[in-house]
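Numbering (our numbering), first residue to last: 375 to 449.
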C-alpha cells in the first residue's frame with residue numbers, strides 16, 4: 375500500500391480551504407447586499423391603461439390643483 379505524499383495532502387488542504395473561503399465570501403457578500411438596501415415601502419406594478427384615458431383625466435383644472443408627490447429622504 376502506497377502512502378500519500380505530503381505534497382498531495384497540502385494540495386487537498388489548500389483546495390478545501392479555498393472552497394471554504396469562497397463560500398464564506400459569497401455568504402458575507404449576500405448578507406451585506408441585503409443589509410445595504412433600505413426598506414422603501416414601495417412596490418411596482420404594471421398599469422395597462424390607454425394613454426387617452428390619462429389625457430382625459432388630467433384636465434387643465436386638475437393639473438392646476440395637482441401637488442407634487444413627496445420625495446423619499448435619505449437617512
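Beta carbons: idealized from backbone N, C-alpha and C, even for Gly.
Inclusion of residue 414 and residue 444 in the CB contact set at 8 Å is not warranted, their separation being larger than that value.
Between residue 404 and residue 436, the alpha-carbon positions lie close to 46 Å from each other.
Cβ-Cβ distances below 6 Å link residue 392 to nothing in the same chain once the five nearest sequence neighbours on each side are left out. Secondary structure of residue 421 (DSSP, three-state): coil.
Boundaries cannot be given for residue 441, as no alpha helix (DSSP H) includes it and DSSP labels it neither H nor E.
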